[in-house]
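Peer 1:
Residue numbers (our numbering), protein chains in the order written: chain A, 64 to 409; chain E, 72 to 328; chain G, 71 to 339.
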């Protein structure tokens, strides 16, 4: 589920980075004010634990294939939502840097997709509600399953939105959704099962750990109201971005989902839209989005308008210039290598 | 410091599961003494160390260091005078370079950086790994990690050194190197170990624990050669004093220093 | 098991590369981070059909690798590992984009152009990120984050995670080895054992966290993380970022290969 830089655009990447940074800053403040100083080494080592746990393959009975733990949910259960989110952020950062698992620009989006939905939505609103005040094998299983599935579905949907809004691929929204959601349903089930297995074990072996953690988090701080407000803000933001597209490509936006509910938000965000258009014209850095929702074969004639963008690379000069560029790059690399070698001798 | 006496006064401690780990321990260790705390597994050695360090708080009794009673308000001040070397050096080397680990303590004392550098380099010299200062901990061998862990504590200039099983998992050469390093320290040394031969060489005094109580406290020579006492404690006489495995003869009255 | 061993080796390899000395290594970490970020942002700002225009972006990774004395092996190995995923998503495009372009007299589905564009962008982005870590290391990244005013507590936590990854991976490897010696299933861990296997490692991890916390407290940790003096950026570092920034901006504004090609073909005529 990690997004690569090739699929994301600067605008979407930047926006997701801003969102992640905001959540992270708030989380850091919350963790710092936590009386339990032990949190920092605990977060560090738990991050390493999840990293290692992700390398272990669990065989899924009945399918002959295997899966592994994602970790967002378990981190939230053992560390609480704020520490869990930050720990997930560290894991993803190291994965992006050392393993190229997800790009640097897309890192903000990845942390949001894999951390926010599990720690701040699935965990408090689903897991905690189902567990209630008492643990039992049944409740652990149901709570883990439902929250894992929902958390991952939301994350997967996040990936779809971010990819489609970036416009670096020609994948239509509907097809992409139909591809992503079922796959992540399966992944969510595995996540739920593994999470339940580990939590059950801890509950049987050392119940005081879970009791202590659940007592330590007076989630009364983050009331349902605030979560709803947060969601509403997110929805408005998404609507603003979509409205920008709507006005530049009036024929392209055919999302049945947003038809009814989106209208009010579209109207209310006109000012934001104007500002974005002005910004786009100023920087000229933002790409000209070719945003297409669902495709009809009959629309191939409209395609011909796109050709000027492609023709730059298909002429002879383009190819000649391209080859020259490659040769120059290789030459430069060669020269530096030589210089390094002679430098070593002296 | 003029005189720092480490004193345990009627210490009692039980773990959350009810296990009585320390059941009335008292002793008094003077400045510069080298004391070995020995006993079978589960006798209470590690728990005792944690009580002396303030990591655990006794139910009953007091820990008095340098005539200051250990409690919540004096904890931080007293900890500056103590150095604890853990059994697993990975627990103690938590930074990404040896230098940063050794500097961690002094930096927390808000000492200025040039002074920190002096302390770090001096500590590394003392344990002989100055050349490893910029290495990552996962690049070190077990013996080097042990030395680094000791350095992290030395840089704080403690008066008293606690060492929990310092020679465990070391190969013979590293073990010998470590013993030589420890011999050269003038600090008060309190060492828990199963390595009775090391205790025999390094410590002048031995405290034997069994079931959370002190069953013997005296000169190392006397206790470690006392076969009956060792067996009662669930231990054996040090290997260097036993029958020679090759020729079968017992060592005659050997001199121990 | 082999993926655990690979992961440990990978981390150590890049950590060692980062501790070498070269012109690039001596630059301030923040300069390298900024240069890489600007590079990535400009690179992905190209539209989905850009191919020839992207080629000047090869300069940056080739320069860094050569001047930083980073061998191609480790970087390419990692790149090949993640390439399949980029290719998979890229391959979907020819399916959905049924438009046609004419190149040199041949009709080519423009979905393929998107595919090539994605592969180029993806590979360059991945390579630049790997080169960043190979010349900067986790310590450098941590330093850059602190310079960017990221709260020190988070940076400390990030460094702790990094520090203990190899310890935990080795523990996981040992546990798996013990399991596999008594189980004869190669497909993965059996359902019954999921909980206890991962749970045992987890409990040991929690105990370790406790001990690390105690070790930190015994050395005076009281919630704040103090660092020594940090190296200040030098004029050379600033010039490095500015230089590359200018080059990237110029490449973005003008299709350099096309311009070069026009020049050459014009000269030939």
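We treat Cβ as the ideally placed atom computed from N, Cα and C, and that holds for glycine.
Under 8 Å Cβ-Cβ, which residues of chain G neighbour residue 251 of chain E?
Peer 2: Residues of chain G passing the Cβ test: none, with the nearest at roughly 25 Å.
Peer 1: Report the residues of the stretch 386-403 of chain A with a CB closer than 7 Å to any CB of chain G, ordered along the chain.
Peer 2: Flagged, chain order: 387, 388, 389, 392, 395, 396, 399, 400, 403.
Peer 1: Report the neighbours of residue 115 of chain A on chain G: residues whose CB is nearer than 8 Å to its CB, in chain order.
Peer 2: Simply 74, 235, 238, 239, 241, 242, 271.
Peer 1: Which residue comes first and which comes last in the beta strand (DSSP E) that contains residue 154 of chain E?
Peer 2: Run containing residue 154 of chain E: 153-156, per the beta strand (DSSP E) assignment.
Peer 1: CA-CA distance, residue 324 of chain A and residue 94 of chain A?
Peer 2: Low confidence applies to residue 324 of chain A: its pLDDT is 34, below 50, so where it sits in the model is not reliable, and the reading given next is rough at best. When rounded, the distance between both Cα atoms is 37 Å.
Peer 1: DSSP has residue 232 of chain E in a bridge; who is on the other side?
Peer 2: Paired residue(s): E:154, E:260.
Peer 1: Based on the DSSP output, what are the partners of residue 139 of chain E in its beta bridges?
Peer 2: Answer is E:136, bridged to residue 139 of chain E.
Peer 1: Should residue 179 of chain E be flagged as near chain G, meaning a C-beta pair shorter than 9 Å?
Peer 2: Chain G contact via Cβ: present.
Peer 1: Please say whether residue 213 of chain E and residue 332 of chain E have beta carbons closer to each other than 9 Å?
Peer 2: Here chain E comprises residues numbered 72 to 328, so residue 332 of chain E is not present and cannot be evaluated.
Peer 1: Check each residue of the stretch 217-228 of chain G: if its Cβ is closer than 8 Å to any Cβ of chain A, include it; give the result in chain order.
Peer 2: The residues in question are 221, 223, 224, 226, 227, 228.
Peer 1: Measure from the alpha carbon of residue 214 of chain A to the alpha carbon of each residue in A:233, A:391, A:174, A:181, then state which is nearest.
Peer 2: The residue with the shortest Cα to Cα distance from residue 214 of chain A is A:181.
Peer 1: At the 9 Å Cβ level, is residue 225 of chain A part of the contact set with chain G, yes or no?
Peer 2: No, because no Cβ of chain G sits closer than 9 Å to the Cβ of residue 225 of chain A.
Peer 1: When you compare each of E:128, E:147, E:153 to residue 291 of chain G by their alpha carbons, which one comes out closest?
Peer 2: Residue 291 of chain G has its Cα closest to that of E:147, out of E:128, E:147, E:153.
Peer 1: So, using beta-carbon positions, are residue 225 of chain E and residue 173 of chain E closer together than 9 Å?
Peer 2: Contact flag set, yes.
Peer 1: What residues from chain G crowd round residue 256 of chain E, counting only those whose CB sits closer than 9 Å?
Peer 2: Chain G residues near residue 256 of chain E: none, gap ~18 Å exceeds 9 Å.
Peer 1: State yes or no: is the beta carbon of residue 214 of chain G nearer than 9 Å to at least one beta carbon in chain A?
Peer 2: So no, residue 214 of chain G is outside the interface.
Peer 1: Taking Cβ positions only, does residue 242 of chain E come closer than 9 Å to chain G?
Peer 2: For residue 242 of chain E, the answer is no, since every Cβ of chain G falls outside 9 Å of its Cβ.
Peer 1: So residue 277 of chain E and residue 285 of chain E are supposed to be a Cβ contact under 8 Å. How far apart are they, rounded?
Peer 2: Actually they do not touch by this definition, with Cβ atoms about 11 Å apart.
Peer 1: Within the 9 Å Cβ cut-off, does residue 487 of chain A reach chain G?
Peer 2: For residue 487 of chain A there is no data in the structure shown, the boundaries of chain A being 64 and 409.
Peer 1: Using only alpha-carbon positions, find the residue among A:261, A:224, A:91, A:152 that is nearest to residue 121 of chain A.
Peer 2: The shortest Cα separation from residue 121 of chain A among A:261, A:224, A:91, A:152 belongs to A:261.
Peer 1: Where residue 301 of chain G and residue 115 of chain A are concerned, what is the direct C-alpha to C-alpha distance, given to the nearest angstrom?
Peer 2: In a straight line, the C-alpha of residue 301 of chain G is about 33 Å away from that of residue 115 of chain A.
Peer 1: State buried or exposed for residue 263 of chain A, treating a residue as buried only when at least 16 other CB atoms are found within 10 Å of its CB.
Peer 2: Buried.
Peer 1: Would DSSP call residue 233 of chain G helix, strand or coil?
Peer 2: In the structure shown, residue 233 of chain G sits in a helix (DSSP, three-state: H, G or I).
Peer 1: With residue 117 of chain E as the anchor, note down where its alpha helix (DSSP H) starts and where it stops.
Peer 2: That run of the alpha helix (DSSP H) goes 116-124.
Peer 1: Just how far apart, CA to CA, sit residue 135 of chain E and residue 280 of chain E?
Peer 2: Answer to the nearest angstrom: the Cα atoms are 20 Å apart.
Peer 1: Quick check on residue 313 of chain A: does DSSP put it in helix, strand or coil?
Peer 2: Residue placement at residue 313 of chain A cannot be trusted, given a pLDDT of 37 that sits under 50; the coordinates are not used to answer.
Peer 1: Considering only residues of the same chain and omitting the five flanking positions on each side of residue 183 of chain G, which have a CB-CB separation below 6 Å?
Peer 2: Same-chain partners within the cutoff: 119.
Peer 1: Around the Cβ of residue 234 of chain G, are there at least 16 other Cβ atoms within 10 angstroms (buried) or fewer (exposed)?
Peer 2: Classification of residue 234 of chain G: buried, given that the 10 Å Cβ count is 16 or more.
Peer 1: Say whether chain G places a C-beta atom closer than 9 Å to the C-beta of residue 271 of chain A.
Peer 2: With 9 Å as the cut-off, residue 271 of chain A does not count as an interface residue toward chain G.
Peer 1: Over what stretch of residues does the alpha helix (DSSP H) that includes residue 397 of chain E continue unbroken?
Peer 2: With chain E covering only 72 through 328, there is no way to say anything about residue 397 of chain E.
Peer 1: Along the chain, where does the beta strand (DSSP E) containing residue 81 of chain E start, and where does it finish?
Peer 2: That run of the beta strand (DSSP E) goes 77-85.
Peer 1: For residue 269 of chain E, go through chain G and note every residue whose CB falls closer than 7 Å to its CB, in chain order.
Peer 2: What residue 269 of chain E touches in chain G: nothing, since even the nearest Cβ is about 23 Å away.
Peer 1: Any idea what DSSP makes of residue 83 of chain G, helix, strand or coil?
Peer 2: Reduced to three states, the DSSP call for residue 83 of chain G is helix.
Peer 1: So, does the CB of residue 423 of chain G fall closer than 9 Å to a CB anywhere in chain E?
Peer 2: The question about residue 423 of chain G has no answer here: the residues shown for chain G are numbered 71 through 339.
Peer 1: Can you list the residues of chain E that residue 116 of chain G reaches, using a CB-CB cut of under 7 Å?
Peer 2: Near residue 116 of chain G there are no residues of chain E at all, since even the closest Cβ is about 37 Å away, more than 7 Å.
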